[in-house]
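The structure under discussion appears below in the form of structure tokens.
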Amino acid sequence: MKSFRMFALLGFVFFTATVLTSCLSSKDGDNKATQEVIALYQNGTLTQAGGGTLVPTSSSYMPSAPGIYSFIIEYDPTTWNDNKLNVTITSKPISLDNPNIRVGEGTGNINLYELDYNGVKPEMFNQYYMLVPCFFWMDNVDVNDYEKELAKHRFSLLVPEDLHNSDGVLNLTLIDDVTDPEVDRYKNSWQYQAFNLQSVITGFKSINGKLNTIRVWGSVNRNSYDPEEGRTDRTRYVDIDLTPFQ
Numbered sequence: 004m005k006s007f008r009m010f011a012l013l014g015f016v017f018f019t020a021t022v023l024t025s026c027l028s029s030k031d032g033d034n035k036a037t038q039e040v041i042a043l044y045q046n047g048t049l050t051q052a053g054g055g056t057l058v059p060t061s062s063s064y065m066p067s068a069p070g071i072y073s074f075i076i077e078y079d080p081t082t083w084n085d086n087k088l089n090v091t092i093t094s095k096p097i098s099l100d101n102p103n104i105r106v107g108e109g110t111g112n113i114n115l116y117e118l119d120y121n122g123v124k125p126e127m128f129n130q131y132y133m134l135v136p137c138f139f140w141m142d143n144v145d146v147n148d149y150e151k152e153l154a155k156h157r158f159s160l161l162v163p164e165d166l167h168n169s170d171g172v173l174n175l176t177l178i179d180d181v182t183d184p185e186v187d188r189y190k191n192s193w194q195y196q197a198f199n200l201q202s203v204i205t206g207f208k209s210i211n212g213k214l215n216t217i218r219v220w221g222s223v224n225r226n227s228y229d230p231e232e233g234r235t236d237r238t239r240y241v242d243i244d245l246t247p248f249q
């Protein structure tokens, strides 16, 4: 099952984003290593979650527009200097940006599989971007049809109409809507999505004067994709501490 084959890789890459001291593969006799990473491309610069900068070579694939991307790099770990690393981007960058943020309440037409799996959970990439691993139920398709199945899912973040919260907690709800809810889904997989919350965070702070925590809710059921089978709306949540970004 394709679902969790990449957990160790992507979880490790994200949570140790600026260290880059281990590799997926290396060649005997040299210092070359390859690794899949996630970075923000903005103003011509690639920045990782901890603030480290990737400096791509002229032969690198490059993102076409600002945003959060995942891609594979080749690098020499010994060249890490002044929080910068020279890299060659060897795969076409995949955009993780998701613009589906809207005000309102509700649920998706399908359950989420999980919000937190083995410590892989929503985290802030920087003070405004939230990186969310969306764990979803999928059709019984061949792994080669993964992208086709993923295209049927629309992940969205719902923002409450009333942002007042004296505790400084911003409640957001992650939902999944599929184009074919009548189809049975018995497998599960996941995909990172990056949400730019700058306008939401700015509005929340202007009303409450502070933002301490982002709480991500979701209707989760590891046993069934079907919303009618024992789901209680907003049954699970994950807290993200905003203290490091104050």
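Going by our numbering, the sequence shown opens with residue 4, and the numbers climb by one from there.
Don't be surprised by glycine CBs; every beta carbon is placed ideally from N, CA and C.
Unbroken alpha helix (DSSP H) run spanning residue i, endpoints
| i | result |
| --- | --- |
| Thr48 | Thr48 -> not in any alpha helix (DSSP H); beta strand (DSSP E) instead, spanning Thr48 to Thr50. |
| Tyr78 | Per DSSP, Tyr78 belongs to no alpha helix (DSSP H); it is in the beta strand (DSSP E), Gly70 to Tyr78. |
Three-state class that DSSP yields for residue i in the structure shown
| i | result |
| --- | --- |
| Val186 | coil |
| Asn174 | strand |
| Pro59 | strand |
| Thr110 | coil |
Per DSSP, the bridge partner or partners of residue i
| i | result |
| --- | --- |
| Pro263 | Residue 263 lies beyond the range of the chain shown here (4 to 249); nothing can be said about it. |
| Tyr120 | Val123 |
| Gln38 | Ile76 |
| Ser192 | Phe139 |
| Leu43 | Thr50 and Ile71 |
| Lys115 | Checking the sequence, you will find Leu at residue 115 rather than Lys. BP columns for Leu115 point to Phe139 and Val223. |
| Phe198 | Met133 |
| Asn84 | Lys87 |
Whole-number beta carbon distance between residue j and residue i, since they are thought to touch under 8 Å
| i | j | result |
| --- | --- | --- |
| Asp179 | Leu115 | 6 Å |
| Tyr78 | Ala36 | 6 Å |
| Thr48 | Thr60 | Thr48 to Thr60, Cβ: 15 Å. No contact. |
| Thr193 | Phe139 | One point to set straight first is that residue 193 is Trp, not Thr, in the sequence displayed. With a Cβ gap of about 7 Å, Trp193 and Phe139 count as contacting. |
| Val172 | Arg218 | 5 Å |
| Pro230 | Ile113 | 7 Å |
| Leu134 | Val223 | No, Leu134 and Val223 are not in contact; Cβ-Cβ is about 18 Å, not under 8 Å. |
| Tyr132 | Leu245 | Not quite, the Cβ-Cβ distance comes to about 13 Å (not below 8 Å), so this is no contact. |
| Asp142 | Val186 | 6 Å |
| Lys95 | Tyr64 | 5 Å |
| Lys124 | Val241 | 5 Å |
Residue range of the beta strand (DSSP E) that includes residue i
| i | result |
| --- | --- |
| Thr205 | First-last for Thr205: Gln201 to Asn211, but that is the alpha helix (DSSP H), not the beta strand (DSSP E). |
| Gly221 | Thr216 to Gly221 |
| Asn89 | Lys87 to Ile92 |
| Asp242 | Arg239 to Asp244 |
Contact test: residue i Cβ vs the ligand MN heavy atom, cutoff 6 Å
| i | result |
| --- | --- |
| Asn112 | The ligand MN is absent from the structure shown, which contains no ligands of any kind. |
Where in the stretch 127-173 do unbroken runs of the beta strand (DSSP E), each at least 3 residues long, occur, reported from the N-terminal end onward? 132-141 and 156-162
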